[in-house]
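In the numbering used here, the protein residues as written are -9 to 200.
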């Protein structure tokens, strides 16, 4: 019994450590350096994520970063599933992967905002729902041309469908928590602009802050 418990604890620890280092891999930074010698943190919005990579490095680089960041989240959760760790530990693995991305030690604890990573996590756990929400987000971006509007719509729909399809409480809680992490990171990083927009009640400007 004790040996079995010890084995499970080791598996959970391995999954957590692997998730953190997978999540913290600075994909956009590495692609920028490899593609054109650009430090993505000093270009465009300065955010080392897929959207800034797309705008500053080009379509191909942006797609590579998007897929790689999504893959980080997916790989972390898939590893946890393969190790057959309980849902509570799997939720921690997902959260650690997202936190590693948002606060990467390789970039002095600054990273992206976590949208792509969270969608990768969701794809492993809820593939059908994730496919619908990503398609919706792509259409919304095509119509509005605003990344914040598209991402907001994507995550609102993701959470709504997770609740509407009566997923387990743990799954719903994880989805809400990861969505809050993405939103919170965005607001914190853009705090000066956000505070001005809120003080002036410029809600349209608030929703276009990237």
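We put the beta carbon where it would ideally sit given N, CA and C, even for glycine.
Put residue 92 into one of helix, strand or coil per three-state DSSP.
Looking at residue 92 - three-state DSSP - the assignment turns out to be helix.
Between the Cα of residue 6 and the Cα atoms of 89, 36 and 24, which residue gives the shortest distance?
Of the listed residues, the one whose Cα sits closest to residue 6 is 89.
Would you grab the beta carbon distance between residue 33 and residue 96 for me? Rounded to a whole angstrom, and I think it's under 8 Å.
Not quite, the Cβ-Cβ distance comes to about 18 Å (not below 8 Å), so this is no contact.
Can you tell me which of the three DSSP states residue 62 falls into?
If DSSP states are grouped into helix, strand and coil, residue 62 belongs with the helices.
Let me confirm a value: residue 38 is counted as buried when at least 16 other C-beta atoms fall within 10 Å, else exposed. Which label applies?
With 16 or more Cβ atoms within 10 Å of its Cβ, residue 38 is classed as buried.
Identify whether residue 28 lies in helix, strand or coil by the three-state DSSP scheme.
Correct three-state label for residue 28: coil.
If you follow the alpha helix (DSSP H) that residue 275 is in, where does it begin and where does it stop?
The structure shown does not extend to residue 275, since the chain spans only -9 to 200, so no value can be given for it.
For residue 164, collect the residues of the same chain with a Cβ closer than 7 Å to its Cβ; drop the 5 residues on either side in sequence, then sort them by chain order.
Excluding sequence neighbours, residue 164 sits near 81 and 84.
Have a look at 70, 58, 23 and 119 and flag the residue whose alpha-carbon is nearest the alpha-carbon of residue -2.
Of the candidates 70, 58, 23 and 119, the one whose C-alpha sits nearest the C-alpha of residue -2 is 70.
Quick one: residues in its chain with C-beta nearer than 8 Å to the C-beta of residue 46, no 5 flanking neighbours on either side, listed in chain order?
Answer for residue 46: 22, 28, 30, 33 and 34, listed in chain order.
Along the chain, where does the alpha helix (DSSP H) that runs through residue 175 open and close?
Element bounds for residue 175: 159 to 179.
Quick check on residue 41: does DSSP put it in helix, strand or coil?
Correct three-state label for residue 41: helix.
Report the option in 161, 138, 63 and 175 whose CA atom is closest to the CA atom of residue 106.
Comparing Cα positions, the closest option is 63.
Quick one: using the 10 Å Cβ neighbour count with 16 as the cut-off for buried, is residue 179 buried or exposed?
Residue 179 should be labelled buried.
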